[in-house]
Structures are given as C-alpha cells and as structure tokens.
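Heads up, the thing below is written out as structure tokens.
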Amino acid sequence: MPVKRQPLSLKNVAKTIRNVGSKLAPRDTGNLRNVLRSYNTPERMIRTDKNGNSKVTFFFAPPGARYGKFWNKPFGKGSGTTATLRRRYPEHFDYGERAYQAPEVKKAVQVYVKDLGKQIATDLRQSFRTA
C-alpha cells in the first residue's frame, strides 16, 4: 500500500515568528507593527540554500520602518538616545530576539520537526518495501 506523502512547510513557523515579533514591537511608534506584519511574509522570511538548508529570518527594520532597528538594538548612553528609552520601556526592546524565544515559536518548531521526523520514517519504510 503506497504511503501518501504530505508536503512539509516552514510557513507556519514563519507566520508564528512574524505574529509574535509584531506583537512584541512597541505600539507607539507609528506604523512599525503594520509594516512588520506586511513585510515579513513567509516567502521573504524563508530562504533555502543549494544544499537544502533552510533559514527563517525576521526583518525587524524593514523598508518603511527602518527605525525598528533602534527599538531592537538600542545604542548610545545618556539622554536623547535609545539606551535611555530602554530603561523606561524595557518590554519593547529586543522584540526580534524575544520573538524567536517565545513559547509559541518553540512549539511551532517542535511540530515542524516532529512532522519532518515522521516524513523521514515514512520515506525509509517505503524505500525498504520497494527494495
């Protein structure tokens, strides 16, 4: 009996990272959250190299919201720098890194890895049956 192969996709992982990252971004920065959601599409976020290795990237300072980098990577010391804002609003900084560490993202990665393991086991069973 042939085993039906299901296509695996990193799109769910990318969508989860996008949603968590944009939710963690500061709200009072104009259109940062909207730009993060619209720019970080799974097609842009997922890159696969020639060896088949995939990488999911969250763009925290996309075109139209370049100031996102100051919220994600604060700089400077003293008044008038983002370092002073970091002390005032610590929950809004490093939203890119915190998105990758969020429980929802870890769960999405676990589901993907589990499905990938099932697919490999299915492929091995199928190859032994036909050999």
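Position 82, counted from 1, in the sequence shown is what numbering that gives the first Met the number 0 calls 81; the numbers after and before it change by one each time, with no gaps. A virtual CB, placed ideally from N, CA and C, is assigned to each residue, including glycine. Keep in mind that this is a model prediction, so the values were computed, not measured.
Exercise. Mark glycine 20 as exposed unless 16 or more other C-beta atoms lie within 10 angstroms of its C-beta, in which case mark it buried.
Key: buried
Quiz item: How big is the Cα-Cα spacing for phenylalanine 144 and serine 8?
Solution: A query on residue 144 cannot be resolved here, the shown segment of the chain reaching from 0 to 130 and no further.
Practice problem: For proline 41, collect the residues of the same chain with a Cβ closer than 7 angstroms to its Cβ; drop the 5 residues on either side in sequence, then sort them by chain order. | Solution: Lys10, Ala13 and Lys14
Quiz item: What are the start and end residues of each continuous beta strand (DSSP E) run of 3 or more residues lying completely inside the stretch 88-123, in chain order?
Solution: none
Quiz item: By DSSP, does arginine 32 sit in helix, in strand, or in coil?
Solution: helix
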